[in-house]
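Quick notes on the structure that follows.
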Ligand SMILES: [Cu+2]
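In our numbering, the protein residues as written are 53 to 181.
Shown next as structure tokens:
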């Protein structure tokens, strides 16, 4: 069987030593050909021989160290959900700030202009007159 290359999402890394520690431990596992851990992207790229080791074994080993490890696919799904939630939050707060803004604009203009109904027609009349 040809080597398999997988990307894992790692959580709980605080510094470069954490990344190096995971890298070292994963590399030491039988069946692992290579492992690279990126602290900034919180990702680990693992190349392994699937006949000797499974991805679940690698994940279990990382978890034993005290870090979180998930396959990128599930992470992409949760990231999409997170993005959607923050978009919802953004739209909601936009709606709120818009109504506040609208009120203050109206309030500001109410000192200069007033709306009057003369013979059934709406007029915006300057208060200066
Ligand atoms: Cu650390």
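All C-beta atoms in this analysis are idealised placements derived from N, C-alpha and C, irrespective of residue type, glycine included.
Coil, strand or helix - residue i by DSSP
{"i": "residue 155", "result": "helix"}
{"i": "residue 124", "result": "helix"}
{"i": "residue 170", "result": "strand"}
{"i": "residue 96", "result": "strand"}
{"i": "residue 115", "result": "helix"}
Inter-residue spacing [alpha-carbon to alpha-carbon] between residue i and residue j
{"i": "residue 117", "j": "residue 139", "result": "34 Å"}
{"i": "residue 132", "j": "residue 112", "result": "25 Å"}
{"i": "residue 61", "j": "residue 54", "result": "23 Å"}
{"i": "residue 176", "j": "residue 164", "result": "10 Å"}
{"i": "residue 75", "j": "residue 142", "result": "38 Å"}
{"i": "residue 105", "j": "residue 72", "result": "21 Å"}
{"i": "residue 170", "j": "residue 135", "result": "51 Å"}
{"i": "residue 103", "j": "residue 85", "result": "12 Å"}
{"i": "residue 172", "j": "residue 178", "result": "18 Å"}
{"i": "residue 114", "j": "residue 64", "result": "11 Å"}
Residues near residue i in its chain [Cβ-Cβ closer than 6 Å; skip 5 each side]
{"i": "residue 89", "result": "71, 74, 75 and 96"}
{"i": "residue 99", "result": "55, 57, 85 and 86"}
Cβ-based neighbour list, residue i, same chain, cut-off 7 Å, excluding 5 preceding and 5 following
{"i": "residue 15", "result": "Here the chain has residues from 53 to 181 only, and residue 15 is not among them."}
Neighbourhood of ligand 1 [Cβ distance below 6 Å to any heavy atom], ordered by chain position: 66, 67, 69 and 70
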